[in-house]
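**Q**
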Amino acid sequence: MDPQRLKDAYQKLQNLDERLTYKVRPKAGGSMTRPSTEQLEQSLRDLASYTVELKEVVQELFLAIASKAAPGG
946 MDPQRLKDAY QKLQNLDERL TYKVRPKAGG SMTRPSTEQL EQSLRDLASY TVELKEVVQE
1006 LFLAIASKAA PGG
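Per this note's numbering, residue 946 is the first one in the sequence shown, and the count goes up by one each step.
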C-alpha cells in the first residue's frame, strides 16, 4: 500500500465532501413546492459532478491500496 497516495485520495474525498455534499443531500422535511426546470437541471449537474468525482476518488483509493509505497516515502 502507498500511504501517501492513500492520504492524497482521502484529502480529495474530504474536499469533495466540503464542496458538494450539502448540495446533493436531501433537505430535511422536503419542499412544499415543485422545483423549476432550472433548479432540477442545476441539481442534476451537481449530482453528476459529485458522482464523477466520487468515482475518481474511489479509483484512486483502489490504486493506493494496490500500489507499493513510493521509494523514500
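Quick reminder that beta carbons are idealized off the backbone N, C-alpha and C, glycines included.
CB-CB under 7 Å to residue 954, same chain, minus the five flanking residues each way: which ones, in chain order?
**A** The residues are 1002, 1005, 1006 and 1009.
**Q** Starting from residue 981, trace the alpha helix (DSSP H) both ways and give me its first and last residue.
**A** No alpha helix (DSSP H) holds residue 981; DSSP gives it neither H nor E.
**Q** Using a Cβ-Cβ cut-off of 8 Å (strictly less than) and excluding sequence neighbours within five positions of residue 950, which residues of its own chain qualify?
**A** Correct list, in chain order: 1005, 1008, 1009, 1012 and 1015.
**Q** I need the straight-line Cα distance from residue 999 to residue 982, nearest angstrom please.
**A** Roughly 25 Å between the two C-alpha positions.
**Q** Does DSSP put residue 1014 in a helix, in a strand, or in coil?
**A** Note: residue 1014 maps to coil in three-state DSSP.
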